[in-house]
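This report refers to the structure that appears directly beneath it.
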């Protein structure tokens with residue numbers, strides 16, 4: 002890992018926001034995750050390293066954009082963190098339906114575009130949002146995130162590995178999370194203008210998960226809110242080793258701030274286990290010009306979703322976000338060919354059909370398993 006990427010960026014004007022131990026917990030997690038993911042990707046590439054571009058936002062905050070390019074494995078990618086905040090503007094009230102005095106958002110977002118068409122593109126995003134009133138009270142707080150895979154050629158074993166990794170992470174918190182968040186992912190990354198064609202084969206996606214008391218109408222204005230912030234401050238102190246600190250119990254049936262931060266940690270940490278083994282398995286696969294052509298066709302679909310439908314892109318553009326960081330997700334080369342259709346029944350069409358018809362990767366029987374079952378049945 003390049004030592005210059007280990008630096009920590011601080012924004013002194015965070016002091017203009019109300020005190021919040023929750024923010025401190027989240028910021029520390031996001032920066033640590035950025036460092037570990039960058040290290041894992043550099044090791045897998047074996048050539049290219051991330052270059053960091055630290056930036057500041059005039060209205061408040063800034064971020065660390067880290068870009069990797071022209072490597073042995075990765076053609077272009079970015080692992081970005083941002084800490085942004087400011088006053089709620091009239092445009093935000095009208096276009097984003099945000100009603101308050103001040104806001105804060107912090108997150109990690111990454112997109113990795115490989116050179117080899119048999120290595121999938123991957124996207125990951127984990128974020129936290131806070132909203133404050135004129136009295137500098139927290140009136141809303143929510144967490145969101147997810148990780149999804151965009152292959153160009155379909156390998157069922159890779160799909161199962163990726164989804165199983167995230168199911169395991171979800172199951173440690175709530176067995177209902179994986180099926181729920183998988184469905185949300187399948188229904189979010191959709192090019193609705195292309196016959197509901199999915200961008201890839203999914204993963205998990207969750208948004209606007211509000212801890213108690215923000216998960217009930219008017220809850221953000223209750224007296225319990227002050228106690229929750231103090232609880233989060235205590236848990237932050239326990240991590241930093243301050244004397245007398247305690248980790249407060251979660252509230253709302255175990256669904257307080259600490260719960261959602263721990264869940265994001267588990268999902269963020271799962272990224273390396275979910276993605277890197279697939280990269281290692283496929284990165285030396287021989288490919289042809291035709292394979293590269295198909296990759297660029299599918300990259301075009303990726304661009305369409307990000308520019309037309311993605312809420313994160315829209316939020317960034319509406320809040321004067323840094324355009325280079327927002328558009329970092331776009332691949333370096335794409336193709337837009339009139340009415341392009343893959344050969345029916347071919348490998349390219351198999352991928353397209355999986356994007357048109359989301360599959361239950363962990364419960365379906367593969368062709369190999371079906372044949373083996375038939376052989377066992379016939380031998381009885």
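In the numbering used here, the protein residues as written are 2 to 381.
All residues carry an ideal CB built from backbone N, CA and C; glycine is no exception.
Quick caveat: nothing in here was measured; it's all calculated off a predicted structure.
Which class does residue i belong to by DSSP, given the choice of helix, strand or coil?
i: residue 43; result: helix
i: residue 346; result: coil
i: residue 106; result: strand
i: residue 301; result: helix
i: residue 60; result: coil
i: residue 362; result: coil
i: residue 264; result: helix
i: residue 55; result: strand
i: residue 321; result: coil
i: residue 88; result: strand
i: residue 204; result: strand
i: residue 73; result: coil
i: residue 292; result: helix
i: residue 33; result: helix
i: residue 341; result: coil
i: residue 286; result: coil
i: residue 315; result: helix
i: residue 352; result: helix
i: residue 18; result: coil
i: residue 100; result: coil
i: residue 372; result: helix
i: residue 95; result: helix
i: residue 257; result: coil
i: residue 357; result: helix
i: residue 331; result: coil
Per DSSP, residue i forms a beta bridge with which residues?
i: residue 210; result: 144
i: residue 66; result: 54, 81
i: residue 198; result: 192
Measure how close the beta-carbons of residue i and residue j come, nearest whole angstrom, since I'm counting them as under 8 Å.
i: residue 62; j: residue 86; result: 5 Å
i: residue 213; j: residue 283; result: That pair is no contact at about 43 Å.
i: residue 190; j: residue 149; result: 6 Å
i: residue 111; j: residue 68; result: Actually they do not touch by this definition, with Cβ atoms about 11 Å apart.
i: residue 323; j: residue 72; result: 24 Å between Cβ atoms; not a contact.
i: residue 146; j: residue 186; result: About 11 Å; that fails the 8 Å criterion.
i: residue 155; j: residue 18; result: At roughly 46 Å, the Cβ-Cβ gap does not stay under 8 Å, so residue 155 and residue 18 are not in contact.
i: residue 265; j: residue 179; result: The Cβ separation is near 15 Å, so there is no contact.
i: residue 29; j: residue 281; result: Not really, about 29 Å apart at Cβ, beyond 8 Å.
i: residue 103; j: residue 332; result: So it is not a contact: roughly 36 Å between Cβ atoms.
i: residue 97; j: residue 376; result: So it is not a contact: roughly 57 Å between Cβ atoms.
i: residue 113; j: residue 51; result: Actually they are not in contact, since the Cβ atoms of residue 113 and residue 51 sit about 11 Å apart, beyond 8 Å.
Length at least 3, wholly inside the segment 112 to 190: the beta strand (DSSP E) runs in chain order: Every beta strand (DSSP E) of 3 residues or more that sits fully in the segment 112 to 190 is shown, in chain order, as 122 to 133, 139 to 151.
Checklist line | Touching by the beta-carbon criterion (3+ pairs, under 8 Å), the segment 33 to 42 and the segment 260 to 277 | finding: Look at the beta carbons and you see the segment 33 to 42 touching the segment 260 to 277: at least three pairs across the two are nearer than 8 Å.
Q) Between the segment 124 to 143 and the segment 166 to 174, are three or more C-beta pairs nearer than 8 Å? A) No, the segment 124 to 143 does not touch the segment 166 to 174.
>> Under 8 Å, with one C-beta from each stretch per pair, do the segment 289 to 309 and the segment 330 to 346 reach the 3-pair mark?
In response: Yes, the segment 289 to 309 is in contact with the segment 330 to 346.
- Taking one C-beta from the segment 302 to 310 and one from the segment 202 to 215 each time, how about it: are there three or more such pairs within less than 8 Å? These segments do not touch.
Just checking, does the segment 76 to 91 make contact with the segment 16 to 34 on the three C-beta pairs under 8 Å criterion? Contact between the segment 76 to 91 and the segment 16 to 34 is established, with three or more Cβ pairs separated by less than 8 Å.
Worksheet item: Looking at C-beta atoms only, is the number of pairs between the segment 272 to 292 and the segment 109 to 128 that lie closer than 8 Å three or more?
Response: Output reads yes: the segment 109 to 128 touches the segment 272 to 292.
Could you say if the segment 156 to 166 and the segment 321 to 330 meet the contact criterion of at least three C-beta pairs nearer than 8 Å?
Output reads no: the segment 321 to 330 does not touch the segment 156 to 166.
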